[in-house]
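S.K.:
In this note's numbering, the protein residues as written are 14 to 130.
1. Determine, using beta carbons only, whether residue 56 and residue 70 come nearer to each other than 7 Å.
2. Report yes if the C-beta distance between residue 90 and residue 75 is below 7 Å; otherwise report no.
3. Rounding to the nearest angstrom, what Cα-Cα distance links residue 107 and residue 94 in this structure?
4. Return yes when the Cβ of residue 101 is within less than 7 Å of the Cβ of residue 86, no when it is not.
5. Please report how far the alpha carbon of residue 67 lies from the alpha carbon of residue 23, in whole angstroms.
6. Taking only the alpha-carbon atoms, compute the straight-line gap between residue 37 and residue 127 and give it to the nearest angstrom.
7. Could you check whether the Cβ of residue 91 sits closer than 7 Å to any Cβ belonging to chain B?
8. Skipping 5 residues on each side, what residues in its chain have a beta carbon closer than 6 Å to that of residue 15?
9. Would you kindly report the start and end of the unbroken alpha helix (DSSP H) that includes residue 77?
10. Among residues of its own chain, excluding the 5 on either side of residue 114, which ones have a beta-carbon nearer than 6 Å to its beta-carbon?
11. Can you tell me whether residue 100 is helix, strand or coil according to DSSP?
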């Protein structure tokens, strides 16, 4: 009987250790996901660094990713709500200068054709 109790205590300790390791692994993954989902605090500095170094493709990729994190992004690119036009204008106004720096133009006519179906 005593052996069974010791075995159960040992098994419980092992399970708790495994759960603790899994918890910290999960926390690490959450941090990685957060970095991808939250707008970059250094966005403009990184963008200008890439542009000044001649890395326009990296700057373009960074800009498009940053735009995708914008609050108005979904409304501007995938919505038929009345706010759609206002969101498009907000995106264009906010990122106009940066889009020109990497030679990107946003064609909202294509977006509108797709949304109207």
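Cβ coordinates follow ideal geometry from the N, Cα and C atoms, glycine included. Quick caveat, the model's predicted, so the values are computed rather than measured.
M.R.: In short:
1. Cβ atoms of residue 56 and residue 70: not closer than 7 Å.
2. Taking 7 Å as the Cβ cut-off, residue 90 and residue 75 do not qualify as a contacting pair.
3. Between the alpha carbons of residue 107 and residue 94 lies a distance of about 20 Å.
4. No.
5. The straight-line gap separating the alpha-carbon atoms of residue 67 and residue 23 is approximately 60 Å.
6. Cα to Cα, the separation comes out at about 43 Å.
7. In the displayed structure, chain B is absent; only one protein chain is listed.
8. If we look at residue 15 and ignore the five residues flanking it on each side, it has no Cβ neighbours.
9. Where residue 77 is concerned, the enclosing alpha helix (DSSP H) stretches over 69-81.
10. Closer than 6 Å at the Cβ level, and outside the excluded window around residue 114, lie 64.
11. It is helical.
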